[in-house]
Amino acid sequence: MPYFPGVEKVRFEGPSSDAPLAFRHYDADKLILGKPMREHLRMAVCYWHTFVWPGADVFGSGTFKRPWQRSGEPMELAIGKADAAFEFFSKLGIDYYSFHDTDVAPEGSSLKEYRNHFAHMVDHLERHQEQTGIKLLWGTANCFSNPRFAAGAASNPDPQVFAYAAAQVFSAMNATHRLKGSNYVLWGGREGYETLLNTDLKREREQLGRFMRMVVEHKHKIGFKGDLLIEPKPQEPTKHQYDYDSATVFGFLHEYGLEHEIKVNIEANHATLAGHSFQHEIATAVSLGIFGSIDANRGDPQNGWDTDQFPNSVEEMTLATYEILKAGGFKNGGYNFDSKVRRQSLDEVDLFYGHVAAMDTLALALERAAAMVQNDQLQQFKDQRYAGWQQPLGKAVLAGEFSLESLAEHAFAHELNPQAVSGRQEMLEGVVNRFIYT
């Protein structure tokens, strides 16, 4: 049975369209910098917010009455949910999706049930992918919702919980590989602490390092060619999470010799929770060589929560996309909509409204960012600003030809008296605005 009977396939109608379910800017096959929009953006719908979340929050129970969320036999409901998901993907015209293991299959009462349920649903997802051509951007394991993970998964003080998490990640990695996923994500939802009074920081860090090494080893054993991604987040639900931001993740990876094996999946709302801009987190990851993929959403600047709203700022997404384009674009990653409708958005059609508007936002941002790259005024200014480092003194310093003493002697001998030069921030902000608001 159709789950969205009143919705036709969403099509591109152009900026002048007033149709509520039409793309005004996302023209999937339009060439931007020689590549179709769809290949630049690689957009994905997430399973959890779109098909699993019942509209509950910490102050109230679920407000949604989705047809795939009714009471019934768990596996029948899981199959119906998958059917609804692929109907949604197809009508939306999106190319990718993402999931947690327990989004697609009921966990059951034992690991054996979990494995059987998940295997059955992977078969079902595979058939849908073959029929529709829709692909898996990434898979992951939910090692944070069940009460057994209250004190973490890999960082848990109980090695049996560590082993249970390993069983889930093993299963989810194998499923992602079989479904030809482009990435596998590790989000440590409770890999952190609530109080230092009962926490052994050194031990938990070592446990995490060992777990990640096991994941890397399994990736190579099964021949998975996609990227492994850690998703940084500073806090929530824990007081402090060990994957605080991109720089913190790089330090952790470097400590355990994994900086060439694992990258980051950056979420916009997590960046702001860490006190950073979305652009900052992307630029940092690029500069450290660990940029992988994006969770596209936004937070409410007034409350500081992880509200996971749909991205609607062309300015914010233009600056983010500019950094990605300058770095060569996505390799295996993409823009995954880790976004959810509000609790009062009760109708199934609201899921389409949220995604259509967000896809248009990204498409417009892509066009603006591409124009900035082609113009290259920002890069030209940066090149000029750092030009001194291409001169003999700058090259010699970076080549290690000076010690601190010899460089000081050089400064004294040449009576150096460098003067400050304008950073032209306001001018550059004006340049960006001219591209965004044209």
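If you read the sequence shown in the working numbering, its first letter stands for residue 512, the second for the next number, and so on.
Positions of the beta carbon are idealized from the N, C-alpha and C atoms, including for glycine.
For clarity, every value in this text was computed on a predicted model and none was experimentally measured.
Leu707 is classed as exposed because its beta carbon has fewer than 16 other beta carbons within 10 Å across all chains shown.
Pairing Leu712 with Phe761 gives a Cβ-Cβ distance that is not under 8 angstroms. Your pair Val775 and Ala807 does not check out as a contact, with CB atoms roughly 15 angstroms apart and the cut at 8 angstroms. Taking 8 angstroms as the cut-off, the beta carbon of His751 is found closer than this to the beta carbon of Gly703. In this chain, the beta strand (DSSP E) harbouring Leu740 covers Asp738 to Ile741. Contact fails between the region 643-650 and the region 716-734, because fewer than three Cβ pairs, one in each stretch, are under 8 angstroms apart. With three or more CB-CB distances shorter than 8 angstroms, the region 853-860 counts as touching the region 566-584. In the three-state DSSP reduction, Ser757 falls in the helix class (H, G or I).
The closest CA to that of Gly845, considering only Phe946, Tyr608 and Gly768, is found on Tyr608.
Just so you know, the alpha carbons of Glu637 and Glu550 end up roughly 22 angstroms apart. Inter-residue distance for Leu784 and Pro903 is about 42 angstroms (C-alpha atoms, whole angstroms). Taking 8 angstroms as the upper bound for CB-CB distance, Val633 and Leu690 are in contact here, some 7 angstroms apart. For Phe629, the CB contacts under 7 angstroms within the same chain, skipping 5 residues up- and downstream, are Asp612, Ala616, Ser682 and Ala686 in chain order.
Straight through space, the alpha carbons of Ala662 and Thr749 are spaced by roughly 9 angstroms. If you compare the alpha carbons of Tyr767, Ser824 and Gly692 with that of Ser788, the shortest gap goes to Ser824. Scanning its chain for C-beta atoms nearer than 7 angstroms, with the 5 sequence neighbours on each side dropped, one finds around Tyr755 the residues Pro743, Pro745 and Ala785, in chain order.
Minimum Cα-Cα distance from Ala533 among the listed residues Asp540, Phe523 and Gly899 corresponds to Phe523.
His536 has its alpha-carbon roughly 14 angstroms from the corresponding atom of Ala881. Counted as a single uninterrupted DSSP element, the alpha helix (DSSP H) harbouring Ser917 occupies residues Leu915 to Ala924. C-alpha of Pro585 to C-alpha of Gln813: approximately 39 angstroms in a straight line. As a beta-bridge residue in DSSP terms, Gly650 pairs with Phe610 and Tyr695. Annotation for Glu826: Ile947 place their beta carbon closer than 6 angstroms to its own, counting only its chain and skipping 5 residues before and after. For Gln642, the secondary structure class from DSSP, reduced to helix, strand or coil, is helix.
Within the same chain, and ignoring the five residues on either side of Asp871 in sequence, the residues whose Cβ sits closer than 8 angstroms to its Cβ are Phe534, Arg535, His536 and Tyr537. Glu834 sits away from Ile773, with the two beta carbons spaced by 8 angstroms or more. In terms of Cα proximity to Phe763, the closest of Phe722, Glu778, Glu926 and Thr561 is Phe722. The alpha carbon of Thr818 has as its nearest neighbour, out of Phe848, Ser804, Gly840 and Lys837, the alpha carbon of Phe848.
In the same chain as Pro547, and ignoring 5 residues on each side of it, the C-beta atoms closer than 8 angstroms to its own belong to Ala539, Asp540 and Lys541, in chain order. In the DSSP assignment, Gly573 is bridged to no other residue.
The C-beta of Tyr753 has 16 or more other C-beta atoms within 10 Å across all chains shown, which makes the residue buried. Shown here, Ser804 sits in a strand according to DSSP, grouped into three states. Annotation: the region 673-720 contains the following complete segments of the beta strand (DSSP E) (minimum length 3 residues), in chain order: 694-697.
Ranked by how close their Cα comes to the Cα of Ala779, the residues His866, Tyr767, Pro822 and Pro578 have Pro822 in first place. Remark: C-beta atoms of Ala652 and Met725 do not approach each other more closely than 8 angstroms. Apart from sequence neighbours up to five positions away, the residues of its chain that approach Phe673 with a beta-carbon distance below 8 angstroms are Ala664, Ala665, Asn667, Gln718 and Phe722, ordered along the chain. Counting only runs that start and end inside the region 849-936, the alpha helix (DSSP H) elements of at least 4 residues fall at 860-886, 888-896, 903-909 and 915-924.
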